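For reference, the structure discussed in these notes is given below.
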Amino acid sequence: MTNRKTSEYGCAPQSLNIYFIRHGETAWSRSGQYTGSTDIPLTAHGEDEAREVGLRLRNILFTHVLTSPLQRARQTCALAGLKPPPTIVPDLAEWDNGDDEGRTPAEIAASRPRWNLFRDGAPNGETPAQLSARADRVIAHLRTLDGNVALFSHGHVGRVLAARWIGLTVAHAQHFLLNTASVSVLCYEHNRPDQPAIASWNARAPRSIDPATDLAGLETGLG
């Protein structure tokens, strides 16, 4: 039975609801290239995705809007049009991919077949421990807030943030897949800060499902 007070994202009124929004499509998210610090814009489709996010969240009153400093997240935030005005949070920037920036998983696997970003980190980039520390700083800040908080950020950071929110290690983040322009909700069960929970994950705009595009979007959700 559905609780009539529960939103489409599965969360009832809480002392804190964190709406994590991954940015819209970029040329590199479409091609499956790892995108960390490279500051590329949204595609036209990505801009449409960002506007759709705004329509989906238009009835939610936000107390805070936070965004990554990178262009693709800031564009998504601006086009979604949520209020109040956003605050840029450097720790919401995407994982620094180091030498793997711009490469595809297939290209990396050709030379390092057993490599896993969430376990091994990026060569000459950030380590899992560094990402964990960043996520923990974001979480510590979020715990000082209340109400509905919107976060505009990136695929890998979002996955790490979710894992750390519920007390898992960065290695577990590989199991949390994120499409572009998806909305995920982190909260407290029973409004208790000692019971962090995930109310909804990777929710997208209602439409018919196309396995060819949807599964590809998950596979190439890199940055």
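At position 212 of the sequence shown the residue is numbered 203 (this note's numbering), and the sequence of numbers has no breaks.
Beta carbons: idealized from backbone N, C-alpha and C, even for Gly.
Note that the structure is predicted; figures quoted are calculated from it, not measured.
Three-state secondary structure (DSSP) at Gly214?
coil
So, is Ile9 buried or exposed, given that buried needs 16 or more other C-beta atoms within 10 angstroms?
buried
I believe Thr34 touches Glu16 by the beta-carbon criterion, under 8 Å. Please report the beta-carbon distance rounded to the nearest angstrom.
Yes, they are in contact, since the Cβ atoms of Thr34 and Glu16 sit about 5 Å apart, within 8 Å.
So, at 8 Å on beta carbons, what are the nonlocal neighbours of Pro202 in its own chain, with the 5 sequence-adjacent residues on each side left out?
Model confidence at Pro202 stands at a pLDDT of 39, short of 50, so the residue's coordinates are unreliable; what they give is reported in the following sentence. Here Pro202 has no same chain residue with a Cβ atom under 8 Å from its own Cβ, once five neighbours each way along the sequence are excluded.
Taking the alpha-carbon positions, what's the Ser102 to Glu92 distance?
15 Å
Curious, which full-length beta strand (DSSP E) runs of at least 3 residues does the region 77 to 163 contain?
138 to 144
Could you please give me the residues that DSSP links to Tyr179 through a beta bridge?
Pro187
What residue does the beta strand (DSSP E) around Thr54 start on, and which one ends it?
In the DSSP annotation of this structure, the continuous segment of the beta strand (DSSP E) that includes Thr54 starts and ends at 53 to 58.
I'd like to confirm the pairing. Which residues does DSSP put opposite Phe11 in its beta bridges?
Leu142, Ser175
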